[in-house]
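Colleague: This structure is in structure tokens; I'll ask about it shortly.
Number of protein chains: 2
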Amino acid sequence: MSFATVLNSSSQLHLPIIRRLPHRSSFRCSSSSTTTSVKFDLKTYWSNLIGEINRNLDDAIQVQYPDLIYQAMRYSVLAKGAKRAPPVMCVAACELFGGSRAAAFPTACALEMVHAASLIHDDLPCMDDDPSRRGQPSNHTVFGVDMAILAGDALFPLGFRHIVSHTPTDLVPESRILRVIAEIARSVGSTGMAAGQFLDLEGGPNAVDFIQEKKFGEMSECSAVCGGILAGAGDEEIRSLRRYGRAVGVLYEVVDKVLQERTKTGTENGAEKKKQGKSYVSIYGVEKAMKIAEDLREKAKRELDGFEKYGDRVIPLHSFVDYAANRGFTVDV
Amino acid sequence: MSFATVLNSSSQLHLPIIRRLPHRSSFRCSSSSTTTSVKFDLKTYWSNLIGEINRNLDDAIQVQYPDLIYQAMRYSVLAKGAKRAPPVMCVAACELFGGSRAAAFPTACALEMVHAASLIHDDLPCMDDDPSRRGQPSNHTVFGVDMAILAGDALFPLGFRHIVSHTPTDLVPESRILRVIAEIARSVGSTGMAAGQFLDLEGGPNAVDFIQEKKFGEMSECSAVCGGILAGAGDEEIRSLRRYGRAVGVLYEVVDKVLQERTKTGTENGAEKKKQGKSYVSIYGVEKAMKIAEDLREKAKRELDGFEKYGDRVIPLHSFVDYAANRGFTVDV
């Protein structure tokens, strides 16, 4: 589901519990798509950013010999409907602390590359066995399992290489570039997304919190943290970004599962149930999942309180929470 | 096949063409295991290094929750019989230019991690379909295909993270650490090993040079180059290390295939033939492959000529060429 398609769609969700939350003064961006701030054109901000990110990604993965591996990489990274949430969150977090887009863009693009790589591998038949993603055939459906594994294996290092070759060292000290690389490596590896995927395949029901945080919270956490590191945010600010990003990533996933539950036909078989993985909805049911979503939304918003001093620059970070919670925010991409 | 097992084994190879090459003055280390230099105890050098590398790798991958992913990572990285050629070459190249082991070790260990990751993925049923490696069951044979993919996915980023977290910045400027990360990323990705593996699966017979260089030369080239970068070698010296490392990696593989051809039973079926991939032996036959090996040996040795000014410190780099060509060098590990 893309930002472009959610407005007024049947999948739009307004969690009743969340709607009862009072609008605090820090909510510059409403959960309704009709009330964006007059001081800050959020739709233009998002649209411009996504356009710039798409152009950068297109440039970064040019087809060369042997063509097919680059075509497989481009197929997933440049897929239509990609929300670009990791790179946008990275840029938004960097700009919050006065960092520039030029400083953030190489890392933002790298985040999209490693995100695409992890999704390619997650979709494999031996993993989540998803033949399609965002309404299009999965990478392995088009290119075969062997090629999909290699495309992922190539996108992970390309991300790290892109950061090193493209980050302007007159804007970002090398020590920060190294911290960003370590942060992304932590996030995708055995302390992060790989562990989440493993437990989603193998773990018992008690692993649900771990799976949600690692499989769905890590990319968002890492994106926010990298933006902060690049701009020179302080340790306490980085810790806030970490908690904020993780909460947003898990919130998005919980709401996604609630929406899926609503559109269920009631005829799915055991294999389909297994494929859905261990979610709060499958373990605790819709009602408790919605309560968890409410808590996550509050948690994410609370972390942004400390950033209100930065004025309108915090608005994009609010928009992630609002979109994750209600899917009521849209931009044309 | 490990360094510990090759001495006097039936697999020992003395390529006749290579043996006709005159011993040049630069050959401090003979291709025979009995004539190491009195000034430089090569066996002790190798044994100590491998022991230190094994201890560092053991420390770097401690089992934590969820245990099984770490066990799968350790299974391949700490496998008995691993030759540790990439890390030893990295340390040897770093020491050649006066760099310290403390400077080289984090990168050396990272090279072994990404090397293990690429071997785990290469062995998968949809790739080279190798149920065993170094006489032990392959990672996927023990842990399953899903787990083997995840173990590889976790080892690649762990390598990058290990470099950032362990390289002492008082010994290695951050700019060099960034160059090393970019070099490893280049080597494992779509411009390197992933492209070689892809063409080994899909490419036509004309791709044999590309496959040999990318699939088998990259790791060795990258290891030598990283050692040079860490020690501050000049651009021309790095170019020499690059050509040297690539030649050694391909040489090792060509000789391996010649040895395999010699021990063939003559009963392998089509699937087994396919599994052998596109080698110089399978495309051109043993005789031409041995001529190619001779050329590669000469090329690698020639690149070391410029480093003779560093005295005994060039000996370990000679030992790689000699071992790759003749398997006549051994250390106890």
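Chains as they are written, first to last, in this note's numbering: chain W, -3 to 329; chain V, -3 to 329.
Where a beta carbon is used, it is the ideal one built from N, C-alpha and C, also for glycine.
(1) Is there at least one non-hydrogen atom of the ligand MG closer than 7 angstroms to the beta-carbon of residue 109(V)?
(2) For residue 184(V), go through chain W and note every residue whose CB falls closer than 9 angstroms to its CB, in chain order.
(3) Under 8 angstroms Cβ to Cβ from residue 66(W), same chain only, skipping five residues before and after it: list those, please.
(4) Does the distance from the CB of residue 174(W) to the CB of residue 173(V) come in under 8 angstroms?
(5) In the DSSP assignment, find the alpha helix (DSSP H) that holds residue 66(V) and state where it starts and stops.
(6) Pick out whichever of 106(V), 39(V), 69(V) and 51(V) has its Cα sitting closest to the Cα of residue 223(V).
(7) Cβ of residue 64(W) less than 8 angstroms from any chain V Cβ?
(8) I want to see whether chain W comes within less than 8 angstroms of residue 138(V), judged by CB atoms only; does it?
(9) Give me, in chain order, the residues of the same chain whose beta-carbon lies closer than 6 angstroms to that of residue 20(W); leave out the 5 immediate sequence neighbours on both sides.
(10) State buried or exposed for residue 211(W), treating a residue as buried only when at least 16 other CB atoms are found within 10 Å of its CB.
(11) Measure from the alpha carbon of residue 221(V) to the alpha carbon of each residue in 181(V), 135(V) and 116(V), then state which is nearest.
(12) Comparing C-alpha positions only, which one of 73(W), 241(W) and 273(W) sits nearest to residue 256(W)?
(13) Determine the DSSP secondary structure at residue 132(V), reduced to helix, strand or coil.
(14) I want to verify the contact list: residues of chain W whose CB lies under 7 angstroms from the CB of residue 332(V), in sequence order.
(15) Check the Cβ of residue 288(W) against every Cβ in chain V and list those closer than 9 angstroms, keeping chain order.
(16) I'd like the list of long-range same chain contacts for residue 176(V), defined as Cβ closer than 6 angstroms, with 5 residues on each side in sequence excluded.
(17) Identify the continuous alpha helix (DSSP H) that holds residue 102(W) and give its terminal residues.
(18) Cβ of residue 142(W) within 8 angstroms of Cβ of residue 123(V)?
(19) Of all the CB atoms in chain W, is at least one closer than 8 angstroms to the CB of residue 69(V)?
(20) Any beta carbon from chain V within less than 8 angstroms of residue 142(W)'s own beta carbon?
(21) Roughly how many whole angstroms lie between the Cα atoms of residue 111(V) and residue 121(W)?
(22) Can you say whether residue 282(V) is buried or exposed, counting buried as having 16 or more other CB atoms within 10 angstroms of its CB?
(23) Please state the DSSP three-state secondary structure of residue 218(W).
(24) Under 9 angstroms between beta-carbons, which chain W residues line up against residue 117(V)? List them in chain order, please.
(25) Are the C-beta atoms of residue 170(V) and some chain W residue less than 8 angstroms apart?
(26) Nearest CA to the CA of residue 132(V): which residue from 116(V), 145(V) and 146(V)?
(27) Using 10 angstroms around the beta-carbon of residue 230(W), count the other beta-carbons present and answer buried if the total reaches 16, otherwise exposed.
(28) Going straight from the alpha carbon of residue 185(W) to that of residue 149(V), what length do you get?
(29) Whose Cβ in chain W lies nearer than 9 angstroms to the Cβ of residue 215(V)?
(30) Taking Cβ-Cβ distances shorter than 7 angstroms, what residues in chain W pair up with residue 134(V)?
(31) Between residue 189(V) and residue 158(V), which are expected to be in contact by the criterion C-beta below 8 angstroms, what is the C-beta distance as a whole number of angstroms?
(32) Going straight from the alpha carbon of residue 294(V) to that of residue 95(V), what length do you get?
(33) Does any residue of chain W bring its CB to less than 8 angstroms from the CB of residue 178(V)?
(34) Since residue 212(W) meets chain V, which of its residues come closer than 9 angstroms, beta carbon to beta carbon?
(35) Classify residue 165(V) as buried or exposed, calling it buried when 16 or more other Cβ atoms lie within 10 Å of its own Cβ.
Modeller: Quick answer:
(1) Among the ligands in the structure shown, none appear at all, so the ligand MG cannot be discussed.
(2) 149, 150, 152 and 153
(3) 57, 58, 59 and 60
(4) yes
(5) 63 to 73
(6) Relative to residue 223(V), the option among 106(V), 39(V), 69(V) and 51(V) whose CA is nearest is 106(V).
(7) yes
(8) no
(9) Per-residue confidence for residue 20(W) stands at a pLDDT of 34, beneath the threshold of 50, marking its modelled position as unreliable; the derived number appears in the next sentence. For residue 20(W), where only same-chain residues beyond five positions count, there are no Cβ hits under 6 angstroms.
(10) buried
(11) It is 181(V) whose Cα lies nearest to the Cα of residue 221(V).
(12) Ranking the options by Cα distance to residue 256(W), first place goes to 273(W).
(13) strand
(14) Nothing in the structure corresponds to residue 332(V), since chain V is present only between -3 and 329.
(15) Per Cβ cutoff of 9 angstroms: no residues; residue 288(W) is ~22 angstroms from chain V at best.
(16) 103, 222 and 225
(17) 97 to 118 is the extent of the alpha helix (DSSP H) around residue 102(W).
(18) In this structure, residue 123(V) lies closer than 8 angstroms to residue 142(W) by Cβ.
(19) yes
(20) yes
(21) If you draw a straight line from the Cα of residue 111(V) to the Cα of residue 121(W), it comes to about 25 angstroms.
(22) exposed
(23) helix
(24) 145, 146 and 149
(25) Taking Cβ atoms only, chain W reaches closer than 8 angstroms to residue 170(V), which makes this a yes.
(26) 116(V)
(27) exposed
(28) 7 angstroms
(29) Neighbours of residue 215(V) on chain W: none; closest Cβ ~13 angstroms, over 9 angstroms.
(30) The premise fails here: residue 134(V) is roughly 15 angstroms from chain W at the closest Cβ pair, so nothing lies under 7 angstroms.
(31) The pair is not a contact, with the Cβ atoms about 19 angstroms apart (cut-off 8 angstroms).
(32) When rounded, the distance between both Cα atoms is 27 angstroms.
(33) Chain W places a beta carbon closer than 8 angstroms to that of residue 178(V), counting this residue as a contact.
(34) Under a criterion of Cβ atoms nearer than 9 angstroms, no residue of chain V is adjacent to residue 212(W); the nearest Cβ is some 16 angstroms distant.
(35) Under the 10 Å beta carbon count, residue 165(V) is surrounded by fewer than 16 other beta carbons and is classified as exposed.
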